[in-house]
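> Quick one: the structure is below, and I'll ask about it shortly.
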Amino acid sequence: MKLVVGLGNPGRKYEGTRHNAGFAVIDALAARHHVDWEAAPRGIEALVARWRTADVVFAKPLTFMNSSGPAVAALLQFYKVDPAELLVVVDEVNLELGRLRTRASGSAGGHNGLKSVVAALGGDGFARMRVGVGRGDARRDLADHVLARFETSERAVVDETIGRAADAVELFINEGIVPMMNRYNRKDDSGIDPTESSP
């Protein structure tokens, strides 16, 4: 079994914000595979959606971003998933809008949601995908930037990126983290294999 967790902030106030890119990717996957959200078992503060044919659980912690770790740890324990089979999806201001970056493990890199997960799991041996949301105007407070919604002019790129990120998650589910990194960490991270011939 695999567990795929999108991090974000719960509530309508935060829907569509840059900081909720992780939620957006997981929502896209749940919609794509026609699985419904429900309360997590045993009082775990999260919503879960079970994609049974692929033996995958999608999850969205209902704690705020910076306190996501305990819910992720509880989900791993309940579903008996090894951290090596966990993928966490987050926003990343240090990646330009539209870029994806995946890693099999590593530091939180300054992302407070990832810091919380690392602390709760007692280690960083889990995969993560960062979805680029851009840093924005340098004169604007970074917290205000990530808690703001995307501009109308960015919407087409955002929608394409969320779809591509969902494709990347499916590659992780079907083939693992290494093929996912090989395909989506290139400068041209379109997900198109350059070795594939053109039609």
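Note that my numbering has the sequence shown beginning at -16, numbered continuously upward. Just so it is clear, CB atoms sit at the ideal spot from N, CA and C, and this is done for glycine as well.
State whether the stretch 48 to 65 contacts the stretch 77 to 85, with contact taken as three or more CB pairs (one from each stretch) at a distance under 8 Å.
Contact between the stretch 48 to 65 and the stretch 77 to 85 is absent, because fewer than three Cβ pairs lie under 8 Å.
> For V73, count neighbouring C-beta atoms within 10 Å of its own C-beta (all shown protein chains included) and say buried if the count is 16 or more, exposed if not.
V73 comes out buried.
> Can you find the residues in the same chain that come closer than 7 Å, C-beta to C-beta, to D176, ignoring five residues on each side of it along the sequence?
Bear in mind that the predicted position of D176 carries a pLDDT of just 38, short of 50, making it too unreliable to give a figure here.
> Let's see if you can read the secondary structure: which residues bound the beta strand (DSSP E) around F41?
Segment V39 to P44, the beta strand (DSSP E) holding F41.
> Taking the continuous alpha helix (DSSP H) assigned at T85, which residues delimit it?
Taken as a continuous stretch (DSSP letters only), T85 belongs to no alpha helix (DSSP H), being part of the beta strand (DSSP E) at L83 to R86.
> When we look at the beta-carbon of A67 and count the other beta-carbons within 10 Å, is it buried (16 or more) or exposed?
Exposed.
> Can you list, in chain order, the residues of its chain with a C-beta nearer than 7 Å to that of N49? Leave out the 5 residues immediately preceding and following it.
Contacts found: N95, G96 and S99.
> What did DSSP end up calling G(-11) once you bin it into helix, strand or coil?
In the structure shown, G(-11) sits in a strand (DSSP, three-state: E or B).
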